[in-house]
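Okay, structure first, notes after.
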Amino acid sequence: MERILIVDDDPSMRYSLNRMLEAQGLQLFLAKNGPEALERFEQDRPDVVVMDIKMPGKSGLEVLHEIKEKDPKALVILMTAFGTTETAIEAMKYGAFDYILKPFDIPQMRGLVERALEVSRMMKKIVSLPDREKGGAAEETLVGSSAAMQQVYKMIGQVAPAEVTVLLRGESGTGKEMVARAIYHHSRRGDKAFLPVNCAAIPETLLESELFGHEKGAFTGALTRRIGKFEQCHGGTLFLDEIGDMTPATQAKVLRVLQDRQFERLGGTERISVDVRVIVATNKDLEKAIREGSFRQDLYYRLKVVTIHLPPLRDRKEDIPELVRYFLHRFRGDINREVGDIATRALEKLMRYPWPGNVRELENTVKRALVMAKGHTLLAEDFLLEGLDTGMGPAEHLDWEERLQKLMAPVFKELLELSRRTPGADLMSELERILIKKALQETKGNQVQASVLLGISRNTLRSKIERYRIRKDVAIVEEE
Numbered sequence: 001m002e003r004i005l006i007v008d009d010d011p012s013m014r015y016s017l018n019r020m021l022e023a024q025g026l027q028l029f030l031a032k033n034g035p036e037a038l039e040r041f042e043q044d045r046p047d048v049v050v051m052d053i054k055m056p057g058k059s060g061l062e063v064l065h066e067i068k069e070k071d072p073k074a075l076v077i078l079m080t081a082f083g084t085t086e087t088a089i090e091a092m093k094y095g096a097f098d099y100i101l102k103p104f105d106i107p108q109m110r111g112l113v114e115r116a117l118e119v120s121r122m123m124k125k126i127v128s129l130p131d132r133e134k135g136g137a138a139e140e141t142l143v144g145s146s147a148a149m150q151q152v153y154k155m156i157g158q159v160a161p162a163e164v165t166v167l168l169r170g171e172s173g174t175g176k177e178m179v180a181r182a183i184y185h186h187s188r189r190g191d192k193a194f195l196p197v198n199c200a201a202i203p204e205t206l207l208e209s210e211l212f213g214h215e216k217g218a219f220t221g222a223l224t225r226r227i228g229k230f231e232q233c234h235g236g237t238l239f240l241d242e243i244g245d246m247t248p249a250t251q252a253k254v255l256r257v258l259q260d261r262q263f264e265r266l267g268g269t270e271r272i273s274v275d276v277r278v279i280v281a282t283n284k285d286l287e288k289a290i291r292e293g294s295f296r297q298d299l300y301y302r303l304k305v306v307t308i309h310l311p312p313l314r315d316r317k318e319d320i321p322e323l324v325r326y327f328l329h330r331f332r333g334d335i336n337r338e339v340g341d342i343a344t345r346a347l348e349k350l351m352r353y354p355w356p357g358n359v360r361e362l363e364n365t366v367k368r369a370l371v372m373a374k375g376h377t378l379l380a381e382d383f384l385l386e387g388l389d390t391g392m393g394p395a396e397h398l399d400w401e402e403r404l405q406k407l408m409a410p411v412f413k414e415l416l417e418l419s420r421r422t423p424g425a426d427l428m429s430e431l432e433r434i435l436i437k438k439a440l441q442e443t444k445g446n447q448v449q450a451s452v453l454l455g456i457s458r459n460t461l462r463s464k465i466e467r468y469r470i471r472k473d474v475a476i477v478e479e480e
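Residue numbering for the sequence shown is 1 to 480, as defined by the numbering used here.
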C-alpha cells in the first residue's frame, strides 16, 4: 500500500486530507509540526509528503530542505494560503514536487497526489531493475536521482495519461527513446503496440513507404502491398526519432495524419483512418530549421504540445555512480564476467570526463570495461577515455569522423564507382551488413560483444541482423 505523510498545524486540514486520501486506498500518516514530520519521515518513509508551508517553529520550506538532505528523491507537495511568485520559486528551488494554493478542490489535490505517486512508482521500478537475477539483461530504463532527472520523471507522470503529442529534445545518447517508452508504458495505450522509427536511419526514398505503406506497383520493386507503421500501430504509440531529418514531403503527410487521423498508402487512393499517439524526438535545432526552410512551422506547432528536455550527462554527473552500477548489473551476466563493484579511483576518472556521447557513451564504456576487466572490481585502467588516458588535449585529437575519413580515403572512389556500376545497389546498407558480419565473426558470434565493437545497443544489432538476413551460423552466440 502506498504511503502519504500529511503535515499541517491545523487539525481540521489534517482531518480533511486524511478522509480525502484514505478513500483512494492509501496509508496515511499525520504530523502537526516540522520536528514531528521529520521523525515520521525517518520512521515511515512515505512515498509522498503533503505539507503546509506556514507552520509555527520550522516552516514547511525548512522541513522540505531537511527532507531533501536525507533523501534527494523525496516527493513533497507544499500547500500555502499565501501564494506569491516568491513562494513558488522558493518551493521549486528547494526541490518541491509541486505546490498548491489553499483553498483547493478535492479533484485538484487528488490529481496532484496521483501524479506524484506515478513518479514514485517509476522511480521504484528504476531502482529495482538492476537487482534482477543476472540470468538475463534487465530491460533498458531511465536511471538517475538528480534534480534534473526528477523533473523528467515528473513530466513523464504528467503527460503519460494525456492524449497529447510529445516532443522530446536532447543531445544524442541522452535516452529519448527510453523516455518515449516510459510515457507509453504509463499511458492508457500501454497494452497496445509501441513502434519506434528512426527517421535518420531510413533512406528518404523509403521513409514514406515505411510510415504509410504502399500499394503493389507504387514504385519499381513494390511487388506486394506493404502496411506502414501508422497502420500497424493503430490504437498504440508511434515514436518518430530524429524527426528533424524528415523531408518536407514526408513532413506534410505526417502533419495531415496528426490533423485528420487519415492518410493514403503510397500509390493508393483509399483513405485509411488511424488512432495513433505520436511521440517525436530530435537533437536538432528545429527553430533554426524553420528559419532555413527545411522544417515546416505548422508541423512544429503540432508536435510541441508538450516538450520534455533531456539533460546531457555532463549536467547531471551526480548520476554517474548510479548509472555505472546499473550498467554493471545489467551486462555482467551477458558478458560472463563476475564483476561486482567499481573502484573509487575509477569512478573519479569517470566523473572528470565530459561525456560528449552522453549516457549511451557511458553504457558502451562500461561494457568495454567489463570485457577488459581482470578481477572482480572495475579499475581506473579498465576505462579508456580520450584525453584522460593519452594526456593529449582536445585540439591534439582527430575527431572520430576525421579519423574514419582518413582510414577510408583509399577505397572511397572505388566504392562509389562500384555503386554507380551496379543497378539498384544500396551502398550504405551493404557496408553496414559487412561491418555487422565482421564484428560477429570477430566476437565468434557473441551479439553483446559485437554490439560493443559497433557502438550500438544489442536490440539495434538484433534488428539489423534480421533486416539484413544475416545467417544464424554467423550470429551463433547470443547469450552465454
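Think of the CB as a built atom: it goes at the ideal place given N, C-alpha and C, for glycine as much as any other residue.
Here the structure is a predicted model, which means the values were calculated and not measured.
Since residue i contacts residue j with CB under 8 Å, what's their CB separation in whole angstroms?
i: C233; j: L206; result: Between L206 and C233 the Cβ distance is about 18 Å, and since that is not below 8 Å, they are no contact.
i: D52; j: D105; result: Not really, about 17 Å apart at Cβ, beyond 8 Å.
i: E2; j: L30; result: 16 Å between Cβ atoms; not a contact.
i: F212; j: R265; result: 6 Å
i: L481; j: I67; result: Since the first residue shown for the chain is 1 and the last is 480, residue 481 is missing from the structure and cannot be characterised.
i: G228; j: D275; result: So it is not a contact: roughly 15 Å between Cβ atoms.
i: I290; j: L168; result: The Cβ separation is near 18 Å, so there is no contact.
i: V166; j: V306; result: 5 Å
Quick check: what's the CA-CA separation for residue i versus residue j?
i: M392; j: D319; result: Note on M392: pLDDT 41, under 50, position unreliable in the model; no value is reported.
i: L461; j: G445; result: 12 Å
i: F331; j: R14; result: 47 Å
i: A23; j: A193; result: 34 Å
i: K438; j: D382; result: 25 Å
i: G170; j: P354; result: 16 Å
i: L21; j: V113; result: 9 Å
i: T377; j: L370; result: 9 Å
i: Q259; j: L240; result: 16 Å
i: E466; j: H65; result: 52 Å
i: I6; j: E363; result: 40 Å
i: A182; j: V324; result: 21 Å
i: G34; j: D44; result: 15 Å
i: V339; j: V452; result: 17 Å
i: S12; j: N358; result: 50 Å
i: I470; j: R433; result: 8 Å
i: L255; j: D71; result: 44 Å
i: Y94; j: L61; result: 7 Å
Just reading off the beta strand (DSSP E) that residue i is part of, what are its end residues?
i: A31; result: 27 to 31
i: L101; result: 98 to 101
i: I4; result: 3 to 7
i: M51; result: 48 to 52
Name the DSSP beta bridge partners of residue i, please?
i: P196; result: F239
i: N358; result: N358 is not bridged to any residue.
i: Y468; result: Note: Y468 sits in no beta bridge, so no partner.
i: V277; result: Note that residue 277 corresponds to Arg in the displayed sequence, not to Val. T237.
i: R226; result: H214
i: Q151; result: Per DSSP, none; premise fails for Q151.
i: Q262; result: S273
i: I342; result: L378
i: V166; result: I279, V306
At what residues does the alpha helix (DSSP H) containing residue i begin and finish?
i: R296; result: Here R296 belongs to no alpha helix (DSSP H), and DSSP marks it neither H nor E.
i: H309; result: Run containing H309: none in the alpha helix (DSSP H); it sits in the beta strand (DSSP E), 306 to 309.
i: T80; result: Counting along the chain, T80 falls outside any alpha helix (DSSP H), though it belongs to the beta strand (DSSP E) covering 76 to 80.
i: D334; result: 320 to 335
i: S16; result: 11 to 22
i: R291; result: 286 to 292
Pairs of beta-carbons, one from the region 92 to 108 and one from the region 72 to 84, closer than 8 Å: are there three or more?
Between the region 92 to 108 and the region 72 to 84, the count of C-beta pairs closer than 8 Å reaches three or more; the two stretches touch.
Are at least three pairs of beta-carbons, each pair with one atom in the region 162 to 181 and one in the region 215 to 225, less than 8 Å apart?
A contact between stretches requires three or more CB pairs, one per stretch, nearer than 8 Å, and the region 162 to 181 fails this requirement with the region 215 to 225.
Given 8 Å, three or more beta-carbon pairs between the region 410 to 421 and the region 333 to 342:
With contact defined as three or more Cβ pairs closer than 8 Å, the region 410 to 421 and the region 333 to 342 are not in contact.
Does the region 307 to 322 come within contact of the region 145 to 157, defined as at least 3 CB pairs closer than 8 Å?
Taking 8 Å as the limit for Cβ pairs, the verdict is that the region 145 to 157 does touch the region 307 to 322.
Cβ contact (3+ pairs, closer than 8 Å) linking the region 339 to 350 and the region 289 to 304
Too few Cβ pairs lie closer than 8 Å, so no.
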